[in-house]
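Every position in the sequence shown, counted from 1, becomes a number in the numbering used here once 96 is added.
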Amino acid sequence: MYINGEWLTGRPEFPVTNPATGEIIGQVPDCTDQDIEAALSAADFAFRDWRKTTAYERSQLLYRAWELMLRQKRQLAELMTREQGKPLKASLNEVQYGADFLLWFAEEAKRMYGQAIPSARENQRFLVQKAPVGVVGAITPWNYPISMITRKLAPALAAGCTVILKPAESTPLCAKAMMEIFAEAGFPPGVINLLTVQNPARVGEAFCTDPRIRKLTFTGSTPVGKELNALAAANIKRVSMELGGHAPAIVFPDADPVHAAKGLSLVKFLNTGQACISPNRIFVHEDHLEPFIRELTNRASRLVAGNGMSEGTGVGPLINELAIQKVDSQVKDAVSRGAKIETGGERLMERGLSDGYFYAPTVLSGITPAMKIYREETFGPVAPVITYRSEDDVIAMANDTDYGLAAYIYSNNLATAMRAFEALDFGIIGINDINPTSAAAPFGGMKNSGLGREGAQEGIEEYLETKLGGFAI
Numbered sequence: 097m098y099i100n101g102e103w104l105t106g107r108p109e110f111p112v113t114n115p116a117t118g119e120i121i122g123q124v125p126d127c128t129d130q131d132i133e134a135a136l137s138a139a140d141f142a143f144r145d146w147r148k149t150t151a152y153e154r155s156q157l158l159y160r161a162w163e164l165m166l167r168q169k170r171q172l173a174e175l176m177t178r179e180q181g182k183p184l185k186a187s188l189n190e191v192q193y194g195a196d197f198l199l200w201f202a203e204e205a206k207r208m209y210g211q212a213i214p215s216a217r218e219n220q221r222f223l224v225q226k227a228p229v230g231v232v233g234a235i236t237p238w239n240y241p242i243s244m245i246t247r248k249l250a251p252a253l254a255a256g257c258t259v260i261l262k263p264a265e266s267t268p269l270c271a272k273a274m275m276e277i278f279a280e281a282g283f284p285p286g287v288i289n290l291l292t293v294q295n296p297a298r299v300g301e302a303f304c305t306d307p308r309i310r311k312l313t314f315t316g317s318t319p320v321g322k323e324l325n326a327l328a329a330a331n332i333k334r335v336s337m338e339l340g341g342h343a344p345a346i347v348f349p350d351a352d353p354v355h356a357a358k359g360l361s362l363v364k365f366l367n368t369g370q371a372c373i374s375p376n377r378i379f380v381h382e383d384h385l386e387p388f389i390r391e392l393t394n395r396a397s398r399l400v401a402g403n404g405m406s407e408g409t410g411v412g413p414l415i416n417e418l419a420i421q422k423v424d425s426q427v428k429d430a431v432s433r434g435a436k437i438e439t440g441g442e443r444l445m446e447r448g449l450s451d452g453y454f455y456a457p458t459v460l461s462g463i464t465p466a467m468k469i470y471r472e473e474t475f476g477p478v479a480p481v482i483t484y485r486s487e488d489d490v491i492a493m494a495n496d497t498d499y500g501l502a503a504y505i506y507s508n509n510l511a512t513a514m515r516a517f518e519a520l521d522f523g524i525i526g527i528n529d530i531n532p533t534s535a536a537a538p539f540g541g542m543k544n545s546g547l548g549r550e551g552a553q554e555g556i557e558e559y560l561e562t563k564l565g566g567f568a569i
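See below:
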């Protein structure tokens, strides 16, 4: 753990394992209640001076962290692959994406503009100023264990907030590596703090109830997000929530089904399907079903599952045994209700995979609303295909979910694409685009997929208060 500029040891530890092999790759401290209090005190005390620093000082430190992160890109990616399981190429892409947030918010730090507002009174002037919200409690997930740290910490630090980070218990080593970068970059003691914990409930409760924490930012499951949001609301905390998704992908009749299958196979099996923006319901017009299924099945069946450090690996392991069980139960439920397995549909145990959590890339056809996979987020390498007849029907089916994070459209007709873009109740929509994300673009969802936005200009606003000064002269 890293508190007030010091690395703390001498606590009980818990192991960190490689999901591809089951081997223990490290040990991290399991924080005590005293450690939580120490982090809260350090961040609160450091905020008094950190908020007074200039935007240019904060920007320079973020630039320095960006440089260090890029210099260590390969080492960070290899650590991520060992700890989280994704193929090394995907880890390298994530480190770059994570570094982008440091660069973007190093620049945004200098653009926290206020304004002057005309008054109806001759002797009055209104000035609006932006001020940091205060100490931030940040909770990050295991599926993107580095980029989710920078997506939260970079805007918070740029705004002048201090931060306590609680990473996922499955991937604390990536968080430790990032703390080392921030420390080397020169951030003052107490500005950034790291708590590692095996049972995260105690830290989450402290973030939501302690008056020194003024803002909670959380990425994780919707059920946990709802609990934290309720607790934070009772204590009038600012919150940002990036929660689950159940993304639809619509292949319209005017689209090339083979081209759509190629793109959706790339995004569906990215990170073994363990992404909140992963397409979970793929709607294909009944006239194009056959060529679409053929291409998607062909691509899924060619993906090689294995250790992410091995050359040629196309899909890594799931994070743990519970994830395997959830995916398998959804597949079995769908098959029992009439779905057809086009490829996959089983846990992989051969070719040295028995010690990890591997599930075959799977394509299911014949999906209906009666199946669990139609309603529940999968978070695994399963592509369920659903047919439709009319544009109105498919828009209604796509919106028929409590989630509202991401959606995808394939269409070669501008009018069709625009109608769908405006009709879909989702915060992020890719139109012939499987990667509608960037540090420069707002990321976030509607409905049960969350509150607030990360990245872009909106990202720093989440960590700022608006102060009005009325001057009588």
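Here a beta-carbon is modelled for each residue, glycine too, at the ideal position from N, C-alpha and C.
Computed from a prediction, not measured in an experiment: that's the story for all the values here.
- Straight-line measurement puts the Cα of ALA466 at about 38 Å from the Cα of LYS185.
- Non-local C-beta neighbours of VAL400 in its own chain, meaning closer than 8 Å and more than five positions away in sequence, comprise GLY408, THR409, GLY410 and VAL411, ordered along the chain.
- Counting along the chain, no beta strand (DSSP E) covers ILE463, and no H or E run does either.
- Of the residues SER336, GLU446, LEU362 and THR533, the one whose Cα lies closest to the Cα of ALA479 is LEU362.
- For GLU119, the three-state secondary structure derived from DSSP is coil.
- Within the stretch 380-443, the alpha helix (DSSP H) runs of at least 4 residues that lie entirely inside it are, in chain order, 385-398 and 417-432.
- Spanning the alpha carbons of ARG308 and LEU290 requires a straight line of approximately 16 Å.
- Selection THR258, ILE132, LEU385 and SER450 evaluated against GLY462 yields LEU385 as nearest (Cα-Cα).
- The beta carbons of PHE197 and GLY540 sit about 14 Å from each other, so the pair does not count as a contact at 8 Å.
- Across the set ALA456, ALA138 and ASN508, the C-alpha of ASN508 shows the shortest separation from the C-alpha of VAL347.
- Note that the C-beta distance between ILE527 and PHE517 is below 8 Å.
- Nearest in C-alpha terms to GLN426, of all of ALA135, ARG471 and PRO349, is ARG471.
- Take the alpha-carbon of TRP162 and the one of ILE389: they are about 42 Å apart.
- 8 Å or more divides the Cβ of ASN544 from the Cβ of ASP521.
- Counting only runs of at least 3 residues, the stretch 491-568 fully encloses the following beta strand (DSSP E) elements, listed from N- to C-terminal order: 502-506, 524-527 and 560-568.
- GLN220: member of the beta strand (DSSP E) spanning 220-228, first to last residue.
- In the three-state reduction of the DSSP assignment, MET176 falls in the helix class.
- Taking ALA142 as reference, the option from ILE260, ARG217 and LYS322 with the minimal CA-CA separation is ILE260.
- Excluding the 5 residues flanking it on each side, ALA173 has same chain C-beta neighbours closer than 8 Å at LEU184, SER187, LEU188, GLU190 and VAL191, in chain order.
- The residues GLY181, ASN403, GLY404, GLY412, PRO413 and GLY452, in chain order, have a CB closer than 7 Å to that of ALA116 in the same chain once the five nearest residues on each side in sequence are set aside.
- Assigned with DSSP and collapsed to three states, PRO263 falls in coil, not helix or strand.
- Considering only ILE569, ALA535, GLU265 and ALA430, the residue with the shortest C-alpha distance to GLU203 is ALA535.
- The beta-carbon distance between VAL481 and VAL354, rounded to whole angstroms, is 14 Å. This is too long to meet the 8 Å contact definition.
- Taking C-alpha positions only, THR292 is separated from LYS169 by approximately 23 Å.
- For ILE245, the secondary structure class from DSSP, reduced to helix, strand or coil, is helix.
- In the displayed model, PHE454 falls within coil according to three-state DSSP, outside both helix and strand.
- CA-CA distance, ALA234 to LEU312, rounds to 6 Å.
- Per DSSP, the unbroken beta strand (DSSP E) holding ARG310 starts and ends at 309-315.
- Residues of the same chain with a CB within less than 7 Å of the CB of MET244, apart from the 5 flanking positions on each side, are THR236, PRO237 and THR315 in chain order.
- In this structure, CYS127 is the residue among CYS127, THR305, TYR209 and VAL112 with its C-alpha nearest to the C-alpha of TRP103.
- A contact between stretches requires three or more CB pairs, one per stretch, nearer than 8 Å, and the stretch 331-345 meets this requirement with the stretch 496-503.
- It is roughly 12 Å from the alpha-carbon of ASP429 to the alpha-carbon of GLN421.
- Rounded to the nearest angstrom, the gap between the Cα atoms of LEU136 and GLY369 is 36 Å.
- In the displayed model, PHE348 falls within coil according to three-state DSSP, outside both helix and strand.
- The beta carbon of ALA356 sits closer than 7 Å to the beta carbons of VAL347, PHE388 and TYR506 from its chain, once the five residues preceding and following it are set aside; these are given in chain order.
- For ALA234, the uninterrupted beta strand (DSSP E) run begins and ends at 231-235, by DSSP.
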